[in-house]
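K.L.:
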Amino acid sequence: MKADSPFAFHFGILLTLTAIFSASTGCVKMEMRGGMIPHVGLEKKPPAPKTNRVKTTSFREITQDWNQFRGPERNGDASKQNPPLNLSQAPSLCWQVSCGAGHSSIVTKGNLILTLEQQGNFEVLVARNFQDGKVAWQVSEKTRWDDMMSGEGPRSTPTIFGGKVFTLFSNGRLSCLEVENGRVIWDIQTIEEGFDFPDWGLAGAPLIWKDLVILNLGGEDSAVQAYSSQTGKLVWASKLTGRGVYLSPTIIELHGEEHLVAAVEGKVVGLDPEDGKTLWEKPWKIFLNNVQIAQPVALSNNSLLLAAGYGKGAECFTIQPGTSLANYTVESNWKSKNLKAKFSNPVFKNGYLYGLSENLLVCLEAKSGKLMWRG
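Final position of the sequence shown in the numbering used here is 361; the numbers increase by one with none missing.
This is the structure we're talking about:
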């Protein structure tokens, strides 16, 4: 590394800041936040989870459970949730709780809200009451993921289905529990010693399809596996191999058939969810061997959208049946640098795509990729 290079200059600034904080406090934590933005601050333990009841108010009826990552269809569509659309008045704070670190999102089932969080050296699946935020039950796994670039805590979001909650911890343990009380039904280890973890951990949420629990972890032997939702036994392992990514596997209907869309580094694929056989694949490399984070978006019964940051942008491609039911062709429709979705997932609604392109909100016409507005 040259002494006068931009990287050396910025790295020198980071070292200087670290030294200043170390001298004054003796306790420093340095992280690289989203977009490679450095953050240097005091190292301190997160507060112990507690409930702080602020105000009692009537709750809007939940018309549908938000049972998995990005909702019932994994597409971010909350139109059936009866959301409040009049924002002329600020909503009232009903309650708030302190919780541990992590990247897991919230899922709901009836009167319960669940998420994964870090508490010391344990990842904890916590179920709280919707009305007051008080802990109904919790289950712990002794594991901890922490690194300078992506911070600490679990990455995956639990999935609720059929009265059960399926949880992937950062050490590869997959647990099935009763959602009402947290009783463990089965618990398995899905990875072997020496597994090549993605740089920032296991982020994909378990997918439930029929009686299968499907994971897209990556791996040299098999990148996608399906387990029995009743017993946890392995049902099939795909022949797809490669380093893991951060998106969650999802089912998308194409030409009237259900395709399991998954990915490894440099490639997005469609698999048959019955047996894991490859139906189609789309090479999709991202700058400096970065991997897919944002979810694929279904635009029609034969087209998908992929988007990424790191200067990649978005691409819409069409999938057409080939000479047999197990063969499909993949062709690019359009590409655009106006939608560089990174951690945030684009949403498709009424012919338009809405999403964050790095730090700007944009709207694209889905059929052409034309930029409609940004702001």
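Beta carbons: idealized from backbone N, C-alpha and C, even for Gly.
Just so we're clear, the structure is a prediction, and the values are computed from it rather than from any experiment.
(1) Within 10 angstroms of the Cβ of Lys268, are there 16 or more other Cβ atoms? Answer buried if so, exposed if not.
(2) Count the C-beta pairs between the stretch 195 to 207 and the stretch 249 to 259 that are closer than 8 Å, then say yes if the count reaches three, no if not.
(3) Between Pro235 and Gly190, how many whole angstroms is the CB-CB distance? I'm expecting something under 8 Å.
(4) Taking all protein chains shown into account, decide if His241 is buried (16 or more other Cβ within 10 angstroms of its Cβ) or exposed.
(5) Is Phe147 helix, strand or coil by DSSP?
(6) Buried or exposed, going by whether 16 or more other CB atoms sit within 10 Å of the CB of Trp131?
(7) Which stretch, first to last residue, makes up the beta strand (DSSP E) that contains Val277?
(8) Where Ile146 and Asn167 are concerned, what is the direct C-alpha to C-alpha distance, given to the nearest angstrom?
(9) For the 8 Å Cβ check, are there 3 or more pairs between the stretch 292 to 310 and the stretch 269 to 276?
(10) Report all residues from its chain with a CB closer than 6 Å to the CB of Phe152; omit the five preceding and five following residues, and keep chain order.
(11) Going by the DSSP bridge assignment, what does Gly252 pair with across the sheet?
(12) Give me whichever residues DSSP pairs with Glu317 in a beta bridge.
(13) If we cut at 8 Å on Cβ distances, does Leu290 have a partner in chain D?
(14) Residue range of the beta strand (DSSP E) that Asn115 falls in?
(15) Just reading off the beta strand (DSSP E) that Leu73 is part of, what are its end residues?
(16) Using a Cβ-Cβ cutoff of less than 8 Å, which residues in the same chain neighbour Cys349 once the five nearest sequence positions on both sides are dropped?
(17) What is the residue span of the beta strand (DSSP E) that Ala212 lies within?
(18) Express the C-alpha separation of Ser142 and Phe155 in angstroms, rounding to a whole number.
(19) Using a 10 Å radius around the Cβ and a threshold of 16 neighbouring Cβ atoms, would you call Lys150 buried or exposed?
(20) Output the boundary residues of the beta strand (DSSP E) element that contains Phe181.
(21) Hey, Val93 and Asn53: beta-carbon distance below 8 Å or not?
(22) By how many angstroms is the C-alpha of Ser354 removed from the C-alpha of Asp133?
(23) In three-state DSSP terms, what is Gly341?
(24) Go ahead and label Pro77 buried or exposed: buried means 16 or more other beta carbons lie within 10 angstroms of its beta carbon, across all protein chains shown.
(25) Roughly how many angstroms separate the alpha carbons of Gln306 and Thr315, rounded to a whole number?
(26) Should the stretch 75 to 91 be called in touch with the stretch 213 to 230, which here means at least 3 C-beta pairs below 8 Å?
(27) Report, in whole angstroms, the separation of the C-beta atoms of His89 and Gly139, which I expect to be a contact under 8 Å.
(28) Are the Cβ atoms of Val165 and Lys95 separated by less than 8 Å?
(29) Could you check what DSSP says for Lys225 in three-state terms: helix, strand or coil?
(30) Would you mind stating whether Asp118 and Trp81 have Cβ atoms separated by less than 8 Å?
(31) Any heavy atom of the ligand GTP closer than 7 Å to the beta-carbon of Gln306?
(32) Are there 16 or more other CB atoms within 10 angstroms of the CB of Thr101, so buried, or fewer, so exposed?
(33) For Asn202, write down the residues that DSSP places opposite it in a beta bridge.
(34) With H, G and I counted as helix, E and B as strand and the rest as coil, what does DSSP make of Ser322?
(35) In this structure, how does DSSP classify Ser234 when only helix, strand and coil are distinguished?
P.N.:
This is what the structure gives:
(1) buried
(2) Yes: the two stretches touch, three or more of their Cβ pairs being nearer than 8 Å.
(3) 6 Å
(4) Counting the other Cβ atoms within 10 Å of the Cβ of His241 gives fewer than 16, which makes it exposed.
(5) strand
(6) That one is buried.
(7) Where Val277 is concerned, there is no enclosing beta strand (DSSP E), because DSSP gives it neither an H nor an E.
(8) Rounded to the nearest whole angstrom, the CA to CA distance from Ile146 to Asn167 is 13 Å.
(9) yes
(10) Within the same chain, Phe152 has close Cβ partners Thr145, Cys162, Pro192, Val199.
(11) In DSSP, Gly252 forms no bridge with anything.
(12) In the DSSP output, where bridge partners are listed per residue, Glu317 has Thr304.
(13) The structure shown contains no chain D; it is built from a single protein chain.
(14) 108 to 115
(15) Where Leu73 is concerned, there is no enclosing beta strand (DSSP E), given that its DSSP letter is neither H nor E.
(16) Tyr338, Leu339, Tyr340, Leu357, Met358, Trp359, Arg360
(17) 210 to 214
(18) 7 Å
(19) buried
(20) No beta strand (DSSP E) contains Phe181, which DSSP labels as neither H nor E.
(21) yes
(22) 40 Å
(23) strand
(24) By the beta-carbon neighbour count (other beta carbons within 10 angstroms, threshold 16), Pro77 is exposed.
(25) 5 Å
(26) no
(27) 6 Å
(28) yes
(29) Of the three classes helix, strand and coil, the one that applies to Lys225 here is coil, per DSSP.
(30) yes
(31) Among the ligands in the structure shown, none appear at all, so the ligand GTP cannot be discussed.
(32) buried
(33) Val210
(34) DSSP places Ser322 in strand when its eight states are reduced to three.
(35) coil
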